[in-house]
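Trainee:
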Amino acid sequence: AQTVTQSQPEMSVQEAETVTLSCTYDTSESNYYLFWYKQPPSRQMILVIRQEAYKQQNATENRFSVNFQKAAKSFSLKISDSQLGDTAMYFCAFVQGAQKLVFGQGTRLTINP
Amino acid sequence: DTAVSQTPKYLVTQMGNDKSIKCEQNLGHDTMYWYKQDSKKFLKIMFSYNNKELIINETVPNRFSPKSPDKAHLNLHINSLELGDSAVYFCASSLHYQGLPEKLFFGSGTQLSVL
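Top line first, the protein sequences correspond to chains A and B. Using the numbering used here, the first residue of the first sequence is number 1, and each one after it goes up by one. Using the numbering used here, the first residue of the second sequence is number 1001, and each one after it goes up by one.
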């Protein structure tokens, strides 16, 4: 069974700091995608970043970047220069041949002024 | 224009009632999904349709029946609602590349409260 584990239920940092959210997953496949989704209090699920497993280069989107360690099955999200608007639940997700996105338990991130 | 729209946003109803949630996407995607988010924020897939065909049916009570009249619409009908059905239900859609969903676009969710 596919599993995705986020070991940090909650995190809190000061505005402008850098924060890293952890995620590990379990698979025996070689072709898959990994995602980070953000869910602010508005409830909307917003795609933050995506990584293709066959790409060695880590994905980046502005202040968001990932550290993809395929052998270790680790996919952490780094948020640089954090902003108040980054306050949200963050979900790591994984998809392979079964074609269904499997989500981790989520990390509640709070950015303090 | 909203890419994935679902209605209603909020649904409050009594135990035992039957209710429906509607979902439409204007992205031209072939695959649509229903996800359930429980009170602990855990998201779990319920159903997936590809071009009106059911391709994923997780362990969901048969009181839940999805219907896809065309590839742009995926509705969810729930019979005999129970207290445990209270949750947020998300519709989503995706394109596929090399057999995998490239990314999911989500609707804004329907918060169902069963009293």
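Backbone N, C-alpha and C fix where the C-beta goes; we use that ideal spot for every residue, glycine too.
Give the list of continuous beta strand (DSSP E) stretches no shorter than 3 residues that lie fully inside the segment 10-55 of chain A.
Mentor: Counting whole runs of 3 or more residues, the segment 10-55 of chain A contains the beta strand (DSSP E) stretches 10-14, 19-21, 24-26, 33-39, 46-52.
Trainee: Could you give the first and the last residue of the continuous beta strand (DSSP E) run that contains threonine 88 (chain A)?
Mentor: A small correction: the amino acid at residue 88 (chain A) is alanine; threonine does not occupy that position in the sequence shown. From DSSP, the beta strand (DSSP E) with alanine 88 (chain A) extends over 88-95.
Trainee: Using 10 angstroms around the beta-carbon of glycine 1107 (chain B), count the other beta-carbons present and answer buried if the total reaches 16, otherwise exposed.
Mentor: Buried: at least 16 other Cβ atoms inside 10 Å.
Trainee: Suppose you measure from the CA of asparagine 1057 (chain B) to the CA of valine 102 (chain A); what does that come to, to the nearest Å?
Mentor: Their Cα atoms are separated by approximately 14 Å.
Trainee: Isoleucine 46 (chain A): buried (16+ other C-beta within 10 angstroms of its C-beta) or exposed?
Mentor: Isoleucine 46 (chain A) should be labelled exposed.
Trainee: How about lysine 1022 (chain B) and glutamine 1006 (chain B): do their beta carbons lie closer than 8 Å?
Mentor: Going by C-beta atoms, lysine 1022 (chain B) is nearer than 8 Å to glutamine 1006 (chain B).
Trainee: Smallest Cα separation from aspartate 81 (chain A): which of A:Gly106, A:Glu15, A:Ser7?
Mentor: The candidate whose alpha carbon is nearest that of aspartate 81 (chain A) is A:Glu15.
Trainee: Rounded to a whole number of angstroms, what is the C-alpha to C-alpha distance between alanine 1072 (chain B) and alanine 72 (chain A)?
Mentor: Approximately 39 Å, taken between the alpha carbons.
Trainee: Compute the Euclidean distance between the alpha carbons of tyrosine 1035 (chain B) and leucine 21 (chain A), then round it to the nearest angstrom.
Mentor: Each residue's alpha carbon lies about 23 Å from the other.
Trainee: Name the DSSP bridge partner or partners of leucine 1104 (chain B)?
Mentor: Paired residues: B:Ser1094.
Trainee: What does proline 1101 (chain B) reach in chain A if we use C-beta pairs closer than 9 Å?
Mentor: Those are Tyr33, Val95, Gln99, Lys100, Leu101, listed as they occur along chain A.
Trainee: My assumption, with CB atoms under 8 Å, is that histidine 1096 (chain B) sits in contact with aspartate 1030 (chain B). Please give the rounded CB distance.
Mentor: That belief holds up - the Cβ atoms of histidine 1096 (chain B) and aspartate 1030 (chain B) are roughly 7 Å apart, short of 8 Å.
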